[in-house]
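Asks: Going by this note's numbering, the sequence shown opens with residue 4, and the numbers climb by one from there.
Glycine is no exception: its CB is placed at the ideal position from the N, C-alpha and C atoms.
This one's a predicted model, so the numbers in the text were calculated from it and none came from an experiment.
Below are the structure tokens for one structure; questions will follow.
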Amino acid sequence: MKPFRQRFRRSLRLFTILFVVGLTAFFAVNVKAQSIAVNSQPFDSAQGTAVNSQHHSGKTGIGNESRSPQAWENLARTSYAAGEFTEAAKYWRQAVAGFEVGGDWLNQAIALSNLSLTYQQLGRWEEANSAIGKSRSLLPEESRVQSPGELKAIAQILDIQSNGQWEQGQINLALQTGKQATKIYVKLKDDLGWKRSLIAQVKTLQELGLYQQACQAIIPVIESNNSENFTIPSQDCQQLITKKLEPIKKSRAVTNATRSLSQNGIRSLSEVEVSLKNIQITGARLLGDVWRQLGYLKESQQLLEEVEQVVTQQESPQEQALVLLSLGDTYQALGNRNKFLSELKQSEEYYQKARDSYGKSAVVAANNSFVKVQAQLNLLSVLVKGKSEFTGNAKEIEKLRLEIWSQLSKLPPSHKLVYAEVNLMNSFVDLKKRLETPNHVSNSSKVNSEKIVNYCLPNSAIVAESALGNIESVSWGEVGRLGAKAIALARDLGDFRATAYALGNLGTVYEKNQQWLEAQQCTEQALLLSQNVQLNAPDLAYQWQWQLGRIRWLGEAKDVKGAIGAYTAAFNTLQSLRNDFVPISRDGQFDFRDRVEPVYREFVDLLLQGDKPIQENLKQARNVIEALQVAELDNFFRDGCVVVNKAEEIDKIADKYDPTAAVIHAIILPNRLAIILKLPGKKDLEYRESYQQKTLVKNTIKNLQTYLIQPGNTPEVLAESKKLYKWLIQPIESLLESDRDVKTLVFILDRPLQGIPMGSLYDERSDQYLMEKDYALALVPGLQLLEPKPWNQVKSSKLKVLLGGVDLPQTLEGQNFEKIQKLLEELDGVGKNISISKRFLNENFTLTNLQQELALANIPILHIKTHGQFSSDPEKTFLVGFGTLLKSNDLDKLIKRGNKQDVRAIELLVLSACKTAQGDDRAVLGLSGVAIRAGARSTISSLWVAEDAVNTKIIVRFYEELRQPGMTRAKALHNAQKAYFQAKEDQEPHFWAPYVIVGNWL
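And the structure:
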């Protein structure tokens, strides 16, 4: 069975080829610009529908001009198409009156809905809502409808009502109304109407953060072969794409023939109707957006680039602007991801592509359109936040600022305008900070000299300010007024979510300007709205709870107790949202670091204030950092499925099974390294701290990693490792030494520290590595382990090991992997100590073979020797298979066996010859993530690739030690490393230190 990701990418390539060919053929015969909303064009009146056989002609007029309602309707459509919405509304009103006089209630209702749509374009929401309300009042109940024409008209009117609700921020209502329309289209078997309706639903699902559902809804829109199948698939996005797109098997010859026909303007008989193709391109763009939001950035990039080529070639400017906007967002997300992984060159390349795409989108888009403004806002944000381009682009930033301001003033009021104004306000805040930095102006001196009016008081006035002047003229007053305008507009629209969003962001501005009272008032109002029964937006609520905690902690009051209360509330809200981290973290892992992780870390910092935190705070701090590590794993896999049933707490495990184990938490805080120690048999926790700046600690870790992975760096390793020993071990050393029961050190480490084998830390006072001392060492991912069994219990049953690996040199996905010299020697050595189930080497090392063997037999040990890499990016976490890379999803499928009722577990997973991604300070996240999600009880892996002969000796010795009575997994690894070191073959930590045990150490 071929790996999932390979199938996924191949099906994506097949899909994009076929999709682009189809679109090219369509555009060769019919080029039509797309609007932002698929349903933003007026619907036709009901032609030939027998509504009332006794109606009058219905002629009405303006002044002395008398026309039929159909004539007024045609004038309205012409004006609407030309963007003359005020004129269009006047003509629609005449059409409504004419149909009313003629007793034609159905066309009257349609005209009223089109009048509502026109008022929506003008931002005249009271009139828009009134018109759609009158339209709905004319309609009979669905069960009483006499003809398909009437039923279709009802669906179209519902579409317009849903669009108006969405524009006013009534997202849940819009979704409900849209689903009513969708049901009618399904009943009518109206493929075009159904797909239009699905696209409208996708917008609302995206707004609600329901990206998996959005993906499921958009797939039928893109498919051209489901006109008789009006159903939305139930699989998740990855499964769905594989199943739906893999069967598309058309040869290159057929594809080229289709393209040739389309280029000559000849329409293929297999093409669906023009209007459906028009919707398909919009659907493909939305799918690219959803893939980005789900974290499939490369797939999003590939699809959007293909679509952009089609719309560029066929001169569809508005759709091109939208695709370029989406493509810019994907490039920016890729830039963020590469920045997160410290791949700065690639990051800057993607940021440049984002700037180019946003700039092109703004040029192509129509003036005074939301697309143009959004492209300009995104471009401004990238320019302002960028490092290198800010100084050289001051004039461009100034020009953009003035253009955006001018464009915003011409847009009709809607919830999109609210978010645009908040977006601009936040860019102004970043701009202020960038302008202050070169002049070394401190925050405190600047903010105290320029206060912002309190716009969070009742009936506070909003005074408009001119945006004229150069870039230096951006004032805090201008920033505040933008936020106040956004709040006022959101309130006028009755949009609770947008109001809460604008209030909270203005609170952030006050916080940054150290106006603590104003910040607290805005934030409390935003929080109250977010928790309102009608809104119930926990994804907003946690942000304002967090913000309120910061204000109480850092503000003038220095209210630590109140701050802890607010942070506790934010923490609890995040915990309730565990399955919804994807909508919270809309830009993947980078966004998680920015918007979620700081809540946990700041809360821990707050709990550990003072020389001797109380026991309650110490326990809470451990729970919070545990929750953070689980959240990181959720974010790594883009779902909330990490926690498993039947998990036991580490403290209870240690007391029950290993009374020699001390549990050590190490947490990196801004100005110190916090250490929480649980000694055997003791209820109270010990707390120590080393006052070192976070940047120094992280740089020391980074330097030590760099020196460890290359041989010959022992002096440099000693210099760095003794610092970490002094900061991490020395503060608790006397406590460990005074307790003679302590024989095992179980570390729960902050992510950056997990990349350092604790055995390599050097005690300069005793002139020993920690590995040389009498402590077995283990790393656990959190405070819980899944059904831990001591090794003696595992050995009580007949032990078997399944062996696998690849030793041949290969080049896969642009990466070269050298021959592994000692594969057979290592596997033979393992086989001498434990009975072998089967071996799968080279071409036999396939997912299918491994899965089948694991499913058939109870095999507690899986030993794999092949190249591999672990990264905090799932796409860069892999094992090298034969002719392919096994990605994180493949590994998950490999290790999980059978059905959900199959409780057999892999007690020990050994991954030999692997490494962690260089420059990624959280690379071990990939290792622990795969092991935990797969249900492997414990994992032994190398963190870098050392001498293969040394690796083999240590691993074979590990299995020899594991056979000894009363042996634990951690002690067996410790003895194997110590034996190699004491043999004095090569005492460099590069050779003996790379192996770590993660998970159950018993």
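Measuring straight from C-alpha to C-alpha, what distance separates L911 and V804?
Replies: Locating residue 911 in the sequence shown gives position 908, where the first residue counts as 1. Locating residue 804 in the sequence shown gives position 801, where the first residue counts as 1. Those two C-alpha atoms are separated by around 9 Å.
Asks: Which runs of the alpha helix (DSSP H) at least 4 residues long sit entirely within the stretch 749 to 820? Give them in chain order.
Replies: 794 to 798
Asks: Below 6 Å CB to CB, which residues in the same chain sit around S445 once its five sequence neighbours on both sides are set aside?
Replies: Here residue 445 corresponds to residue number 442 of the sequence shown, with the count starting at 1. The predicted model places S445 with a pLDDT of 39, which falls under 50 and marks its position as unreliable, so this point remains unresolved.
Asks: Can you tell me which of R147, S165 and L142 puts its alpha carbon nearest to the alpha carbon of A156?
Replies: For the purposes of this step, residue 156 is taken as residue 153 along the sequence shown, with counting starting at 1. If we check each option's Cα against that of A156, L142 comes out closest.
Asks: Determine the closest residue to Y998 out of A781, T571 and Q824, with distance taken between C-alpha atoms.
Replies: As a first step, residue 998 is located in the sequence shown; it is residue number 995 there, counting from the start. Residue A781 is the option with its Cα nearest to Y998.
Asks: Grouping DSSP H, G and I as helix and E and B as strand, with all else coil, what is L438?
Replies: To locate residue 438, count along the sequence shown from 1; it is residue 435. Three-state result, L438: helix.
Asks: Using beta-carbon positions only, say whether E311 and V326 come within less than 8 Å of one another.
Replies: Within the sequence shown, residue 311 is the residue found at index 308, counting from 1. Within the sequence shown, residue 326 is the residue found at index 323, counting from 1. Result yes, Cβ atoms of E311 and V326 sit closer than 8 Å.
Asks: Can you tell me whether E988 is buried or exposed, with buried defined as 16 or more other CB within 10 angstroms of its CB?
Replies: One-based indexing of the sequence shown puts residue 988 at position 985. Classification for E988: exposed.
Asks: Touching or not, the stretch 67 to 80 and the stretch 166 to 186, by the rule of three or more beta carbon pairs under 8 Å?
Replies: no
Asks: Using the three-state DSSP reduction, which class does Y354 fall into: helix, strand or coil?
Replies: For the purposes of this step, residue 354 is taken as the residue at position 351 of the sequence shown. In the three-state reduction of the DSSP assignment, Y354 falls in the helix class, which pools H, G and I.
Asks: Tell me the rounded alpha-carbon separation between V913 and L806.
Replies: Within the sequence shown, the letter at position 910 stands for residue 913. Within the sequence shown, the letter at position 803 stands for residue 806. In a straight line, the C-alpha of V913 is about 10 Å away from that of L806.
Asks: Beta strand (DSSP E) containing I867: first to last residue?
Replies: Sequence index remark: in the sequence shown, residue 867 carries index 864 (1-based). Run containing I867: I864 to F873, per the beta strand (DSSP E) assignment.
Asks: How close, in whole Å, do the beta carbons of D614 and L682 come, if the pair is a contact with beta carbons under 8 Å?
Replies: Position 611 of the sequence shown holds residue 614. Position 679 of the sequence shown holds residue 682. No, D614 and L682 are not in contact; Cβ-Cβ is about 20 Å, not under 8 Å.
Asks: By the three-class DSSP mapping on this structure, what secondary structure does T942 have?
Replies: Numbered from its first residue, the sequence shown carries residue 942 at position 939. Residue state, collapsed to three classes: strand.
Asks: Which residues share a DSSP beta bridge with E651?
Replies: Looking up residue 651 in the sequence shown gives position 648. According to DSSP, E651 bridges with L788.
Asks: Going by CA-CA distance only, name the one from Y983, K974 and A996 that's closest to W1004.
Replies: For the purposes of this step, residue 1004 is identified with residue 1001 of the sequence shown, where counting begins at 1. Among Y983, K974 and A996, the Cα nearest to that of W1004 belongs to K974.
Asks: Would V387 pass as a contact of R437 if the rule is Cβ separation under 8 Å?
Replies: For the purposes of this step, residue 387 is taken as the residue at position 384 of the sequence shown. For the purposes of this step, residue 437 is taken as the residue at position 434 of the sequence shown. Cβ atoms of V387 and R437: closer than 8 Å.
Asks: In or out: G1002 buried (at least 16 other Cβ within 10 Å) or exposed?
Replies: Here residue 1002 corresponds to residue number 999 of the sequence shown, with the count starting at 1. With 16 or more Cβ atoms within 10 Å of its Cβ, G1002 is classed as buried.
Asks: Relative to the C-alpha of E651, which residue among G785, N702, A573 and K348 is closest?
Replies: If you number the sequence shown from 1, residue 651 lands on position 648. Comparing Cα-Cα distances from E651 to each of G785, N702, A573 and K348, the minimum goes to G785.
Asks: If you draw a straight line from the alpha carbon of A134 to that of S116, how long is it in whole angstroms?
Replies: Within the sequence shown, the letter at position 131 stands for residue 134. Within the sequence shown, the letter at position 113 stands for residue 116. Rounded to the nearest angstrom, the two C-alpha atoms are 6 Å apart.
Asks: DSSP state of A890, grouped into three classes?
Replies: Stepping through the sequence shown from its first residue, residue 890 is reached at position 887. Looking at the sequence provided, one finds Lys at residue 890 rather than Ala. In this structure, K890 counts as strand in the three-state DSSP scheme.
Asks: P1038 to Y122, Cα distance in whole Å?
Replies: As displayed, the chain neither begins before 4 nor continues past 1005, which places residue 1038 out of reach and without an answer.
Asks: Are three or more beta carbon pairs between the stretch 289 to 303 and the stretch 202 to 218 nearer than 8 Å?
Replies: yes
Asks: So which of I867, A926 and K801 has the shortest CA-CA distance to E878?
Replies: Numbered from its first residue, the sequence shown carries residue 878 at position 875. Nearest of I867, A926 and K801 to E878, Cα basis: A926.
Asks: Relative to the alpha-carbon of I235, which residue among P616, N978, S200 and L748 has its alpha-carbon at the smallest distance?
Replies: On the sequence shown, position 232 is the one that residue 235 refers to. Of P616, N978, S200 and L748, the residue nearest in Cα terms is S200.
Asks: Classify S769: buried if its beta carbon has 16 or more other beta carbons within 10 angstroms, exposed otherwise.
Replies: Locating residue 769 in the sequence shown gives position 766, where the first residue counts as 1. By the neighbour-count rule (16 or more Cβ atoms within 10 Å), S769 is not buried but exposed.
Asks: Roughly how many whole angstroms lie between the Cα atoms of V585 and N638?
Replies: Counted from its first residue, the sequence shown places residue 585 at position 582. Counted from its first residue, the sequence shown places residue 638 at position 635. Only weak support exists for where V585 lies, its pLDDT of 46 falling under 50; the value from the coordinates is given anyway. Approximately 7 Å between the Cα atoms of the pair.
Asks: Between which two residues does the beta strand (DSSP E) carrying L672 extend?
Replies: Indexing the sequence shown from 1 puts residue 672 at position 669. Here the beta strand (DSSP E) through L672 covers A664 to L672.
Asks: Which partner residues does I679 have in the DSSP bridge list?
Replies: Looking up residue 679 in the sequence shown gives position 676. In the DSSP output, where bridge partners are listed per residue, I679 has H668 and Y690.
Asks: Could you spell out where the alpha helix (DSSP H) holding G486 opens and where it closes?
Replies: What you label residue 486 is simply residue 483 of the sequence shown in a count that begins at 1. From DSSP, the alpha helix (DSSP H) with G486 extends over W479 to L496.
Asks: Under the DSSP definition of a beta bridge, which residues are partnered with C917?
Replies: By 1-based counting over the sequence shown, the position of residue 917 is 914. Its beta-bridge partners are G871.
Asks: On the DSSP bridge assignment, give the partners of R174 in chain order.
Replies: On the sequence shown, residue 174 is found 171 positions in, with the first residue counted as 1. The amino acid at residue 174 is misidentified as Arg; the sequence shows Ile. Bridge partners of I174: none, in fact.
Asks: May I have the straight-line CA-CA distance separating I837 from Q980, to the nearest angstrom?
Replies: By 1-based counting over the sequence shown, the position of residue 837 is 834. By 1-based counting over the sequence shown, the position of residue 980 is 977. So the alpha carbons of these two residues sit roughly 20 Å apart.
Asks: Let me know if H58 comes out buried or exposed under the rule of 16 or more other beta-carbons within 10 Å of its beta-carbon.
Replies: Indexing the sequence shown from 1 puts residue 58 at position 55. At H58, the pLDDT of 39 sits below 50, so the modelled position is not reliable; the number obtained from the coordinates is stated separately. It is exposed - the Cβ of H58 has fewer than 16 other Cβ atoms within 10 Å.
Asks: Measure from the alpha carbon of R404 to the alpha carbon of each residue in A378, P416, H418 and K419, then state which is nearest.
Replies: The sequence position of residue 404 within the sequence shown is 401, counting from 1. Of A378, P416, H418 and K419, the residue nearest in Cα terms is A378.
Asks: Using DSSP with H/G/I as helix, E/B as strand and the rest coil, what is R842?
Replies: Translated into positions along the sequence shown, residue 842 becomes position 839. Looking at R842 - three-state DSSP - the assignment turns out to be strand.
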